[in-house]
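A.B. asks:
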Amino acid sequence: MERILGFLVQEIKKADIPLPEGDTAPAAPHLKHMLEIQEQLQKLETELREVTKNKEKLKKNLLELTEYTYMLRITQTFIKRPVEYESCLHANYEEFPSLENDPLVDYTCMHRLGAKLGFISGLVHQAKIEAFEKMLWRVCKGYTILTYAELDECLEDPDTGEIRKWFVFLISFWGEQIGQKVKKICDCYHCHVYPYPNTTEERRDVIEGLNVRIQDLHVVLHKTEDYLRQVLCKASESIYTWVIQVKKMKAIHHVLNQCSFDVTNKCLIAEVWCPVADLPNLRRALEEGSRKSGAAISSFMNTITTTETPPTLIRTNKFTSGFQNIVDAYGVGNYREVNPALYTIITFPFLFAVMFGDFGHGLLMFIFALLMVLYENHPRLMRSQDEIMKTFFEGRYIILLMGLFSVYTGLIYNDCFSKSLNIFGSGWKISAMFEKKIWRLDDLKSNRYLTLDPNVTGVFNGVYPFGIDPIWNLASNRLSFLNSFKMKMSVIFGVTHMTFGVILGVFNHLYFRKRHNIYLVFLPELLFMLCIFGYLVFMIIFKWLAYSAENSRSAPSILIQFINMFLFPTSGMDTFYTGQVILQRFLFIVALLSVPVMLFGKPLYLYWLHNGGRGIGMYRSGYRLVRKESEEELSLLQSHDVEEGSSPLDSGHREGDGEEFNFADVFMSQTIHTIEYCLGCISNTASYLRLWALSLAHARMCLTAKLYRVIRSAVGNDNESGPSCGCSIWNLAVSSSFSLLCCVNSIHSFGHGRSFCFSTCCTTSLGGISEQVLHRWRLQVYSFFL
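So the sequence shown is numbered by this note's numbering: it starts at 807 and just counts up by one.
1) Measuring CB to CB, does residue 1232 end up less than 8 angstroms from residue 1275?
2) Could you give the distance in angstroms between the alpha-carbon of residue 1326 and the alpha-carbon of residue 1296?
3) Output yes or no for whether 8 angstroms exceeds the beta carbon distance between residue 1206 and residue 1172.
4) Are the beta-carbon atoms belonging to residue 873 and residue 929 less than 8 angstroms from one another?
5) With C-beta atoms as the reference, is residue 1497 less than 8 angstroms away from residue 1188?
6) For the 8 angstroms Cβ check, are there 3 or more pairs between the segment 1139-1157 and the segment 1309-1316?
7) Out of 824, 1302, 927, state which residue places its alpha-carbon closest to the alpha-carbon of residue 1038.
8) Using only CA atoms, which one of 1368, 1078, 1318, 1229 lies nearest to residue 1117?
9) What first and last residue would you give for the beta strand (DSSP E) that runs through residue 973?
10) At the level of alpha carbons, what is the spacing between residue 819 and residue 1174?
11) Can the beta-carbon of residue 1245 be found less than 8 angstroms from the beta-carbon of residue 1227?
12) Rounded to a whole number of angstroms, what is the C-alpha to C-alpha distance between residue 1597 and residue 809?
13) Give the DSSP bridge partners of residue 1395, in chain order.
14) Kindly indicate which three-state DSSP category residue 1368 falls into: helix, strand or coil?
15) Please confirm whether residue 1081 and residue 1119 have their CB atoms less than 8 angstroms apart.
16) Exposed or buried, residue 1482, counting other C-beta atoms within 10 Å across all chains shown (16 or more means buried)?
17) Measuring straight from C-alpha to C-alpha, what distance separates residue 1157 and residue 1348?
18) Excluding sequence positions up to five away, which residues of its chain have a Cβ less than 6 angstroms from the Cβ of residue 1100?
19) I'd like to check one pair, residue 1055 with residue 835: are the Cβ atoms closer than 8 angstroms?
20) Assuming contact is defined by CB atoms lying nearer than 8 angstroms, are residue 945 and residue 991 in contact in what I supplied?
21) In the structure shown, what three-state DSSP assignment does residue 1062 receive?
22) List the DSSP bridge partners of residue 955.
23) Only counting the same chain, and skipping five residues up and downstream in sequence, which positions put a Cβ closer than 6 angstroms to that of residue 1501?
24) Quick check on the burial criterion: 16 or more other C-beta atoms within 10 angstroms. Buried or exposed for residue 1409?
25) Using a threshold of 8 angstroms, state whether the C-beta atoms of residue 1487 and residue 1396 are closer than that.
26) Looking at the strands, I want to know which residues DSSP matches up with residue 998.
27) Is the number of C-beta pairs between the segment 1386-1403 and the segment 1364-1376 that are closer than 8 angstroms three or more?
28) Using a Cβ-Cβ cut-off of 8 angstroms, state whether residue 1150 counts as contacting chain B.
29) With distance defined between alpha-carbon atoms, name the residue in 1098, 1123, 1089, 1126 nearest to residue 1108.
30) With a 10 Å radius around its C-beta and 16 neighbouring C-beta atoms as the bar for buried, classify residue 1283 as buried or exposed.
31) Let me check understanding here. Comparing Cα to Cα, which of 1026, 1318, 1342 lies closest to residue 1386?
32) Alpha carbon to alpha carbon, what distance is there between residue 1307 and residue 1422?
33) With a threshold of 8 angstroms on Cβ separation, who are the neighbours of residue 1333 within its own chain once the five nearest residues in sequence on each side are excluded?
34) On a Cα-Cα basis, can you pick out the residue from 1111, 1145, 934 that is closest to residue 1127?
35) Out of 1093, 958, 986, state which residue places its alpha-carbon closest to the alpha-carbon of residue 971.
36) Suppose the cutoff is 8 angstroms on Cβ atoms and the five residues either side in sequence are ignored; what does the same chain contact list for residue 962 look like?
In structure tokens, the structure reads:
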């Protein structure tokens, strides 16, 4: 039935009949009603296919008659002397070349034969006419006369349905053998060959008969199309209800196929996972179904205690579903693990805005998303079949927040379509340079760039109230200043973000009572992160606070200081503060020692527990995850880790259900995790620098000052084409701006989605997939495309 409905929908759309859309979905039909729908759909399909087949035959016959008519009308101009041609039709030609050496014709006679004049006419495709003419000349050795002319109207190709340009041709030949060759060549080139009348009177009669048949076919075809449209209109009235009912029945049967019979083969048994909060709803649904069906035995439900890990269920609404889909695209956490989607609601659009950083484009994105939010209940948007529009609609709240945060960061960057906004007035005064007689008028004429010295009194009057001072838009070192600012800001946000993700993992360790993971996994990871990259953030902030415009020239380079932290130079090193070398060496040693703790700590601790450490009463056959059952939990979680403080009875009352301990597997898993974490800290920090890189690329690809000058010069041109040329340049700039900047940057932000969602640190298991290997693959793929 689903196949038949698909055929009906396709035919209805082909006939340009609007599909109705109901406000409410119909209920699933009963089995008796479903059989009636199936019978009705089968009859309707048979009728439609028959009518459609007849319609195609009529259209094909009409096309053939139309081609025949055009051919006869055009070929009349080919024959200039009809009387001579008619007298020569039955004339014999004694002089004819021998065909005994012709390889294409089975001809064995050794004497000359007489031949009659014949005609073959038809239509050939425009692209084949030259090759067709050459083939006739070579095969028939010049004993044919080809005359052709282009058809004024384009006709449909009956084989492909395409509208093509055709040529009408008339071939005159001598002899039956030549005629056979000509027919074969016409078949090879897929020519539409039609019989050619011998006399003018016959041609006239044939044309008159063709006109009458074409008129009759038009009438029959019109009535057939009307009848077909009536059938489709009648079917379209119920197509919405049928589609919904068939989908519901298909879903019901899919569930029934997963059930099993009991020993009596009279009852179906289904084992399902159900949230505890939905158990009353499930009971009510079973009771209501039993009552409506009139079953002799009511359906009932029993809860079963199991040791299997329940599936992860995260309830979402229309606002949070988009962010949850981003997190799930990179991995789904285990049951009762921390869900990072809650924090992704803010971090994902904010980090996108740090990368985007344009007030103008952000406002466009915000308005576009706001319109989709305001009209989210519109049926056309809800049932849109366009995949691009459907993707935008499902992520409307993500785009809304990305646009809103982009407006905020665009104001901080003071960037609106690559132009600065002077809202509060610049804090730099040029007049002070002239008042102090540092600049002169001659300096303005002789120098293209002049430097504003903030140490001169009156030049710098204070920080711009909000964002970057607009005077930087005119500075020659604008790019250097913004690069330094955005690069350092990206590192600070990245390290803070990753550290927060590591801290989220503590809640998983505490909830599952794996306290040894706090000391042997969390603390070494945190120390490794903070001793290296946290210290880098400290140096950035310290340099901002310790050095001002007066002593900025003597400030050491952060890059050099960070490199020297690993090289241990003995002399000639400028430092920020006293004791910096000792502190850096101490931090590096702590970070270095945290690696073997991550690598060997957990496997050795689990091995010690497995061999009876602390008298916990572990069994030699293996150890099990033990948790106290609560009223809300109906199952136990299994793991390689053992809860601290469990009694021997708790750890042994489910003997035979646990997994066997394998030190090699545990050590290999921890080795992979340690390598991935250490390399991931470096690669993820580098990937956060792409916030700065893409922000720079966005500013360079936007409407630059040069483009503004081109538009102004085009609009100000005295020629009549000046304004139109300016408008064309503006339209091209706007379209490329939207497609390249808004769309491409949005797609690239999804490439950074895994880093933005804390999935590296706050989920402990994602189906065995290597988290940071996925991250590196993602970086390579997006680096290739962008």
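We put the beta carbon where it would ideally sit given N, CA and C, even for glycine.
C.D. replies: The structure says:
1) Here residue 1232 refers to the residue found at position 426 when the sequence shown is read from its first residue. Here residue 1275 refers to the residue found at position 469 when the sequence shown is read from its first residue. Note that the C-beta distance between residue 1232 and residue 1275 is below 8 angstroms.
2) Walking along the sequence shown from the start, residue 1326 turns up at place 520. Walking along the sequence shown from the start, residue 1296 turns up at place 490. Using only the alpha carbons, I get a separation of about 30 angstroms.
3) Taking the first residue of the sequence shown as position 1, residue 1206 is located at position 400. Taking the first residue of the sequence shown as position 1, residue 1172 is located at position 366. Against a cut-off of 8 angstroms, the Cβ pair of residue 1172 and residue 1206 comes out as a contact.
4) For this step, residue 873 is matched to residue 67 along the sequence shown. For this step, residue 929 is matched to residue 123 along the sequence shown. The answer is yes: Cβ separation under 8 angstroms.
5) Residue mapping note: residue 1497 aligns to position 691 of the sequence shown, counting from 1. Residue mapping note: residue 1188 aligns to position 382 of the sequence shown, counting from 1. Note that the C-beta distance between residue 1497 and residue 1188 is not below 8 angstroms.
6) Counting Cβ pairs under 8 angstroms, three or more are found: they touch.
7) The residue labelled residue 1038 in the question sits at position 232 within the sequence shown. Among 824, 1302, 927, the Cα nearest to that of residue 1038 belongs to 824.
8) Taking the first residue of the sequence shown as 1, we reach residue 1117 at position 311. Ranking the options by Cα distance to residue 1117, first place goes to 1078.
9) For the purposes of this step, residue 973 is taken as the residue at position 167 of the sequence shown. Boundaries of the beta strand (DSSP E) harbouring residue 973: 972-980, taken from the DSSP string.
10) The residue given as residue 819 occupies position 13 in the sequence shown. The residue given as residue 1174 occupies position 368 in the sequence shown. Cα to Cα, the separation comes out at about 29 angstroms.
11) Position 439 of the sequence shown, counted from the start, is the residue given in the question as residue 1245. Position 421 of the sequence shown, counted from the start, is the residue given in the question as residue 1227. Between residue 1245 and residue 1227, the CB-CB gap reaches or exceeds 8 angstroms.
12) With the chain running from 807 to 1592 in the structure shown, residue 1597 is simply not present.
13) To locate residue 1395, count along the sequence shown from 1; it is residue 589. Listed as beta-bridge partners of residue 1395 by DSSP are no residues whatsoever.
14) Here residue 1368 refers to the residue found at position 562 of the sequence shown. Look at residue 1368 here: in three-state DSSP terms it is helix.
15) Counting from 1 along the sequence shown, the entry for residue 1081 is found at position 275. Counting from 1 along the sequence shown, the entry for residue 1119 is found at position 313. Their beta carbons are under 8 angstroms apart, which means residue 1081 touches residue 1119 by this criterion.
16) Within the sequence shown, numbered from 1, the residue matching residue 1482 stands at position 676. Taking all protein chains shown into account, residue 1482 has 16 or more neighbouring C-beta atoms within 10 Å of its C-beta and is therefore buried.
17) In the sequence shown, counting from the first residue as 1, residue 1157 sits at position 351. In the sequence shown, counting from the first residue as 1, residue 1348 sits at position 542. Residue 1157 and residue 1348 have their alpha carbons spaced roughly 24 angstroms apart.
18) Within the sequence shown, the letter at position 294 stands for residue 1100. Sequence-distant partners of residue 1100 (beyond 5 residues in either direction) whose C-beta falls short of 6 angstroms from its own C-beta are missing from its chain.
19) The residue you call residue 835 lines up with position 29 of the sequence shown. The residue you call residue 1055 lines up with position 249 of the sequence shown. Yes, the pair counts as a contact, with Cβ atoms nearer than the cut-off.
20) The count along the sequence shown starts at 1 and reaches residue 945 at position 139. The count along the sequence shown starts at 1 and reaches residue 991 at position 185. In contact: residue 945 and residue 991 (Cβ atoms closer than 8 angstroms).
21) The residue given as residue 1062 occupies position 256 in the sequence shown. Helix at residue 1062.
22) In the sequence shown, residue 955 corresponds to position 149, counting from 1. Looking at the DSSP output, residue 955 bridges to 974.
23) Indexing the sequence shown from 1 puts residue 1501 at position 695. The residues 1161, 1163, 1292, in chain order, have a CB closer than 6 angstroms to that of residue 1501 in the same chain once the five nearest residues on each side in sequence are set aside.
24) One-based indexing of the sequence shown puts residue 1409 at position 603. Classification for residue 1409: buried.
25) Walking along the sequence shown from the start, residue 1487 turns up at place 681. Walking along the sequence shown from the start, residue 1396 turns up at place 590. Contact: no.
26) As a position in the sequence shown, residue 998 is number 192, starting the count at 1. Beta-bridge pairing links residue 998 to 929.
27) For the pair of segments examined, the segment 1386-1403 was found to touch the segment 1364-1376: the number of CB pairs separated by less than 8 angstroms reaches three.
28) Chain labels in this structure do not include chain B; a single protein chain is all it has.
29) The residue given as residue 1108 occupies position 302 in the sequence shown. Check the Cα spacing between residue 1108 and each of 1098, 1123, 1089, 1126: the tightest is with 1089.
30) By 1-based counting over the sequence shown, the position of residue 1283 is 477. Burial check for residue 1283: the Cβ neighbour count within 10 Å stays below 16, so the residue is exposed.
31) On the sequence shown, position 580 is the one that residue 1386 refers to. Between residue 1386 and the set 1026, 1318, 1342, the nearest pair of CA atoms involves 1342.
32) Locating residue 1422 in the sequence shown gives position 616, counting from the first residue. Locating residue 1307 in the sequence shown gives position 501, counting from the first residue. Confidence at residue 1422 is low in this model, with a pLDDT of 44, below 50, so its placement is unreliable and no value can be given for it.
33) Walking along the sequence shown from the start, residue 1333 turns up at place 527. Non-local C-beta neighbours of residue 1333 in its own chain, meaning closer than 8 angstroms and more than five positions away in sequence, comprise 1396, 1397, 1400, ordered along the chain.
34) For this step, residue 1127 is matched to residue 321 along the sequence shown. Per the Cα distances, 1145.
35) In the sequence shown, the residue the question calls residue 971 occupies position 165. Distances from the alpha-carbon of residue 971 to those of 1093, 958, 986 put 958 closest.
36) Taking the sequence shown and counting its residues from 1, the one referred to as residue 962 is at position 156. Same-chain partners within the cutoff: 869, 968, 969, 970.
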